[in-house]
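As they're listed, the protein sequences go chains A and B.
Heads up: the first sequence runs through residues 1 to 83, numbered per the working numbering.
Heads up: the second sequence runs through residues 84 to 238, numbered per the working numbering.
Read through the structure below, which is laid out as structure tokens, and then see the notes.
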Amino acid sequence: MTIKVLFFAAFKEQLNCEQLELDAANVNTIAEIQELLSTRGEAWQKVFATTSILSAVNHTMVDSDYAVKSGDEVAFFPPVTGG
Amino acid sequence: MAQTTNHTSIKVQIEDFDFSKEVDYLEENNSTDGAVVTFIGRVRDNNEGLKVENLFLEHYSGMTEKCLADIVLKAREQWQIGNVSVIHRYGQLNIGDKIVFVGVTSKHRKDAFSAAEFIMDYLKVSAPFWKKEQTEQGERWLDAKNNDQLEADKW
Numbered sequence: 001m002t003i004k005v006l007f008f009a010a011f012k013e014q015l016n017c018e019q020l021e022l023d024a025a026n027v028n029t030i031a032e033i034q035e036l037l038s039t040r041g042e043a044w045q046k047v048f049a050t051t052s053i054l055s056a057v058n059h060t061m062v063d064s065d066y067a068v069k070s071g072d073e074v075a076f077f078p079p080v081t082g083g
Numbered sequence: 084m085a086q087t088t089n090h091t092s093i094k095v096q097i098e099d100f101d102f103s104k105e106v107d108y109l110e111e112n113n114s115t116d117g118a119v120v121t122f123i124g125r126v127r128d129n130n131e132g133l134k135v136e137n138l139f140l141e142h143y144s145g146m147t148e149k150c151l152a153d154i155v156l157k158a159r160e161q162w163q164i165g166n167v168s169v170i171h172r173y174g175q176l177n178i179g180d181k182i183v184f185v186g187v188t189s190k191h192r193k194d195a196f197s198a199a200e201f202i203m204d205y206l207k208v209s210a211p212f213w214k215k216e217q218t219e220q221g222e223r224w225l226d227a228k229n230n231d232q233l234e235a236d237k238w
């Protein structure tokens, strides 16, 4: 039972990672995903220390205390710059 | 017989679009709306003091379409508008290329103007697109502008 995690734009490049999967049993919230992934190394720590970082679950913006569950698609990205 | 339509078209695509075809779409089978407001955003050749050579646009497929549709729904709650078309391109774009199109019809011009501006302002701060510029000094991901958030907050 997994959670899919996606990265976009500058984060994707800094981490050299577009997507990964986590065991849903290990994480309960967005903040816990950030905490867990921050232990992967310096680049990861830096990305998750970005104060402007945004998160979405299943295509909807959420806060860091949002509860995640198996099958969710979580995304982390910098502030948007379209238009 | 007078016909009222309130179709929404959302397109997120690599390829360019034809302005006159988009206006035709907005006006098709729509004899009740006298106002048609359109906006086109294009790639500028300069930004924050540097010459821009080209632009790369990334987006979050799936979330982008949902986000744009939600913005149009919010506009429909606030103004009496008929047909709405939003197109946003992604991928590699050159100077002068069209990036975004917003078109709104309405019986009244004020609703069409306001809704089109609202859609653009919200798109700027909430649709998951990111621009990377190739400048004379190398490439850089753009930072979000505080002013864009202020423009969206005014609604």
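Glycine included, each C-beta is placed from N, C-alpha and C at the ideal position.
Nothing here was measured: the structure is a model prediction, and the numbers come from that model.
Item	Value
Sequence-distant residues of the same chain with beta carbon closer than 8 Å to B:Ser209, five excluded per side	Cys150, Ile154 and Ala235
The stretch 39 to 52 of chain A / the stretch 154 to 172 of chain B touching (three or more Cβ pairs under 8 Å)	no
Neighbouring residues, chain B, relative to A:Phe8 (Cβ below 9 Å)	Glu141, His142, Tyr143, Pro211 and Trp213
According to DSSP, residues forming a beta bridge with A:Phe76	A:Phe7 and A:Ser55
Chain A contacts from the stretch 162 to 190 of chain B (Cβ-Cβ distance under 9 Å)	His171, Tyr173, Ile182 and Val183
Sheet register partners of B:Val185 (DSSP bridge)	B:Phe122 and B:Val169
Straight-line gap, B:Ser189 to B:Asp99 (C-alpha atoms, nearest Å)	26 Å
Residues sharing a beta bridge with A:Thr29, DSSP	A:Ala67
Three-state secondary structure assigned by DSSP to B:Ser103	helix
Any C-beta of chain B under 7 Å from that of A:Phe81	Residue 81 of chain A is actually Thr in this sequence, not Phe. Yes, its Cβ sits closer than 7 Å to a Cβ of chain B.
Contact between the stretch 69 to 76 of chain A and the stretch 126 to 135 of chain B (3+ Cβ pairs under 8 Å)	no
C-beta neighbour in chain E for B:Trp224, strict 7 Å	Absent from the structure is chain E; the protein chains it does hold are A and B.
Opening and closing residue of the beta strand (DSSP E) in which B:Gln96 lies	Thr91 to Gln96
Residues near B:Ser144 by beta carbon distance below 8 Å, same chain, minus five either side	Val95
B:Asn230 and B:Asn177 closer than 7 Å at C-beta	no
Nearest-angstrom Cα separation, counted from A:Glu35 out to A:Asn28	11 Å
Test: B:Ala158 CB closer than 7 Å to a CB of chain A	no
Neighbouring residues, chain B, relative to A:Phe77 (Cβ below 8 Å)	Tyr143, Pro211 and Trp213
Chain-ordered chain B contacts of A:Ala56 [CB-CB under 9 Å]	Tyr143, Met146 and Pro211
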